[in-house]
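The next block holds one structure in the form of structure tokens; read it before the comments.
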Amino acid sequence: MQWCATCATGSGGWSRRQFLLALGQASLAAGLLPRAGQAYTIMDEAGDVKIGREADPEILKRFGYYDGPDLQNYIAQIGQRVAATSDTRFSFQFKVVDQAAINAMALPGGFIYLTRGMLAELNDEAQLAGILGHEMTHVNSRHAAKLLTKAFGAQLATLLGVGAAAASGSGAAATGLVMISSHVTNYMLLGYGRDYELEADEVGLRYAHRAGYDPRRMVTFLRALRRTEILRGQSTYHGFEATHPDTALRIAKADTMATLLVAEGGALEVKADNYKAHLDRLRYGEAKNQQRLRVYTVKAGDTLGSIARDEMGDEGRRFELATLNGLRDDAALTPGSRLKLIVKQ
Ligand SMILES: [Zn+2]
160 MQWCATCATG SGGWSRRQFL LALGQASLAA GLLPRAGQAY TIMDEAGDVK
210 IGREADPEIL KRFGYYDGPD LQNYIAQIGQ RVAATSDTRF SFQFKVVDQA
260 AINAMALPGG FIYLTRGMLA ELNDEAQLAG ILGHEMTHVN SRHAAKLLTK
310 AFGAQLATLL GVGAAAASGS GAAATGLVMI SSHVTNYMLL GYGRDYELEA
360 DEVGLRYAHR AGYDPRRMVT FLRALRRTEI LRGQSTYHGF EATHPDTALR
410 IAKADTMATL LVAEGGALEV KADNYKAHLD RLRYGEAKNQ QRLRVYTVKA
460 GDTLGSIARD EMGDEGRRFE LATLNGLRDD AALTPGSRLK LIVKQ
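When you line the sequence shown up against my numbering, it's residues 160 to 504, in that order.
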């Protein structure tokens with residue numbers, strides 16, 4: 160998985176070049192380029208916020224804001240609940256974007272995006288809180304600013320020149336801007352490198368736990384995502400290549416962290432049924448397939464097979480149903496609990 164965001168290169172994805180240029184403009188407007196006397200500080204926290212604010216409309220234009228006010232409100236509500244535990248200096252915004260890819264990402268300054276594909280993949284509020292906590296950590300720890308400083312710290316003098324030239328609109332300046340914004344875009348799309356991703360996992364789990372959620376659910380999600388990616392042969396979320404040895408290490412570390420947090424005590428909410436209730440009618444997969452999720456309430460005597468047969472028209476789809484809901488295909492179902500089904504619109 161591309162930890163924190165995958166490059167949406169397929170249909171419906173954004174244009175990388177256009178985004179780079181837009182982000183470059185945002186960076187320039189925000190004064191991202193270093194100024195004299197600011198050695199080794201490429202941008203400050205106010206700069207983070209300005210960049211986020213400038214680039215946010217561009218993200219929404221490229222990905223599409225998902226038209227679902229209730230869902231948007233719900234995600235924002237859980238996001239604020241987790242943010243309140245994070246001792247943050249930033250004011251967060253949470254938005255669902257209309258993309259089928261399984262993805263989440265953060266812009267500097269507190270702008271966090273989840274794709275509808277990610278929401279369809281998650282099975283409870285605790286997992287959602289884990290993802291949100293991970294993204295918030297990239298913002299709070301200012302990973303983009305730190306990596307930019309590392310990448311450009313030695314070139315401040317040159318970049319000062321580039322910044323001045325950019326203001327006058329020269330071609331060389333545009334190249335310099337694209338160089339910087341391409342770094343930011345790569346962090347957003349491909350993750351922030353092993354150390355920062357591990358930090359985001361660890362701190363993000365702590366935020367989720369402080370907000371009252373069971374951190375083990377996030378680990379369950381990571382394991383399931385890794386299996387899904389190996390099956391599909393593609394990576395999805397945050398620099399997390401399913402077959403890469405670092406990925407196994409990362410899951411193991413998250414598992415250890417979750418165990419430690421649980422040992423500390425505190426609430427361990429999961430809230431699966433409440434989460435799934437908010438996914439009813441969520442668009443699913445590529446738009447051209449015209450599929451949506453439907454939330455089904457389990458009745459006495461139901462099995463995955465009977466539900467697949469009666470509600471999805473094919474008993475063989477019980478495997479798909481099990482995977483989608485994070486269940487084994489022989490799982491016993493609890494009457495009254497909720498399942499996600501995939502149906503034609
Ligand atoms: Zn990340």
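Beta carbons: idealized from backbone N, C-alpha and C, even for Gly.
Computed from a predicted structure; not experimentally measured.
Exercise for the section: Look up A214 in the DSSP assignment and say whether it is helix, strand or coil. Expected result: Start at 1 with the first residue of the sequence shown, and residue 214 comes out as number 55. Note: A214 maps to helix in three-state DSSP.
Handout entry: Supposed contact pair M264 and E294 - C-beta distance, whole angstroms, cut 8 Å
Key = Position 135 of the sequence shown, counted from the first residue, corresponds to residue 294. Position 105 of the sequence shown, counted from the first residue, corresponds to residue 264. At roughly 7 Å, the Cβ-Cβ gap stays under 8 Å, so E294 and M264 are in contact.
Problem - Contact belief for R442 with R275 at Cβ below 8 Å, rounded distance in angstroms - result: Position 283 of the sequence shown holds residue 442. Position 116 of the sequence shown holds residue 275. The pair is a contact, with the Cβ atoms about 6 Å apart (cut-off 8 Å).
Problem - Sequence-distant residues of its chain with Cβ nearer than 6 Å to Y434 (five each side left out) - result: Within the sequence shown, residue 434 is the residue found at index 275, counting from 1. Hits under 6 Å: D283 and E284.
Handout entry: Residue from R476, L357 and R468 whose Cα sits closest to the Cα of M416
Key = Counting from one through the sequence shown, the residue named residue 416 turns up at place 257. Considering only alpha carbons, the answer is L357.
Problem - Assigned secondary structure, V255 (DSSP; H/G/I helix, E/B strand, else coil) - result: As a first step, residue 255 must be located in the sequence shown, where it is residue number 96. The answer is strand: DSSP assigns V255 an E or B state.
Handout entry: Own chain residues within Cβ distance below 7 Å of K447, not counting five before or after
Key = Counted from its first residue, the sequence shown places residue 447 at position 288. If we look at K447 and ignore the five residues flanking it on each side, it has no Cβ neighbours.
Problem - Close beta carbons around Y233, own chain, < 7 Å, minus the five adjacent residues each side - result: What you label residue 233 is simply residue 74 of the sequence shown in a count that begins at 1. Result list for Y233: H437, in chain order.
Exercise for the section: Take A491 as the anchor and find which of G460, A467 and G475 has the nearest alpha-carbon. Expected result: The residue labelled residue 491 in the question sits at position 332 within the sequence shown. Here the closest residue by C-alpha is G460.
Practice task
For A148, verify whether its CB is less than 7 Å away from any heavy atom of ligand 1.
Solution key: The chain is shown only over 160 to 504; residue 148 falls outside these bounds and no answer can be derived.
Handout entry: D207 burial status per 10 Å Cβ neighbour count (16 or more: buried)
Key = Numbered from its first residue, the sequence shown carries residue 207 at position 48. Classification of D207: buried, given that the 10 Å Cβ count is 16 or more.
Handout entry: Helix, strand or coil at D488 according to DSSP, with G and I counted as helix
Key = By 1-based counting over the sequence shown, the position of residue 488 is 329. Coil at D488, not helix or strand.
Problem - Cβ pair count under 8 Å reaching 3, the region 237-248 against the region 353-370 - result: yes
Handout entry: DSSP three-state assignment for V457, whether helix, strand or coil
Key = The sequence position of residue 457 within the sequence shown is 298, counting from 1. Looking at V457 - three-state DSSP - the assignment turns out to be coil, as it is neither helix nor strand.
Exercise for the section: Sort out for me which residues DSSP pairs R451 with in a bridge. Expected result: The count along the sequence shown starts at 1 and reaches residue 451 at position 292. Looking at the DSSP assignment, R451 forms a beta bridge with R442 and V502.
Handout entry: Start-to-end residues for the beta strand (DSSP E) that takes in A263
Key = By one-based count along the sequence shown, residue 263 stands at place 104. Where A263 is concerned, the enclosing beta strand (DSSP E) stretches over A263 to L266.
Handout entry: Span separating the alpha-carbon of R453 from that of S250
Key = As a first step, residue 453 is located in the sequence shown; it is residue number 294 there, counting from the start. As a first step, residue 250 is located in the sequence shown; it is residue number 91 there, counting from the start. In a straight line, the C-alpha of R453 is about 33 Å away from that of S250.
Handout entry: From T247, D257 and L230, residue whose alpha carbon lies closest to that of L219
Key = In the sequence shown, the residue the question calls residue 219 occupies position 60. Minimum Cα distance to L219 is reached at D257.
Exercise for the section: Return helix, strand or coil for L569, following the three-state DSSP convention. Expected result: The structure shown does not extend to residue 569, since the chain is modelled only from 160 through 504, so no value can be given for it.
Practice task
To the nearest angstrom, report how far apart G464 and K499 are at their CA atoms.
Solution key: Here the question's residue 464 lines up with position 305 in the sequence shown. Here the question's residue 499 lines up with position 340 in the sequence shown. Roughly 14 Å between the two C-alpha positions.
Handout entry: Minimum Cβ-Cβ distance from V208 to chain E less than 8 Å
Key = Looking at the structure shown, chain E is missing, and only one protein chain is on hand.
Handout entry: Three-way DSSP call (helix, strand, coil) for G495 in this model
Key = Within the sequence shown, the letter at position 336 stands for residue 495. Reduced to three states, the DSSP call for G495 is coil.
Problem - Same chain, Cβ closer than 8 Å to R301, five either side skipped, listed in chain order - result: Within the sequence shown, the letter at position 142 stands for residue 301. Once the five neighbours on either side are set aside, the close Cβ partners of R301 are E204, D207 and P267.
Handout entry: Bridge-paired residues (DSSP) for L287
Key = Reading the sequence shown from its first residue, position 128 is the one you call residue 287. DSSP lists no partner for L287.
Practice task
Please find out if some non-hydrogen atom of ligand 1 comes closer than 7 Å to the beta-carbon of Y351.
Solution key: For this step, residue 351 is matched to residue 192 along the sequence shown. Indeed, a heavy atom of ligand 1 lies less than 7 Å from the Cβ.
Practice task
Taking 8 Å as the cut-off, decide whether the C-beta atoms of R487 and D432 are in contact.
Solution key: Locating residue 487 in the sequence shown gives position 328, counting from the first residue. Locating residue 432 in the sequence shown gives position 273, counting from the first residue. The answer is no: Cβ separation not under 8 Å.
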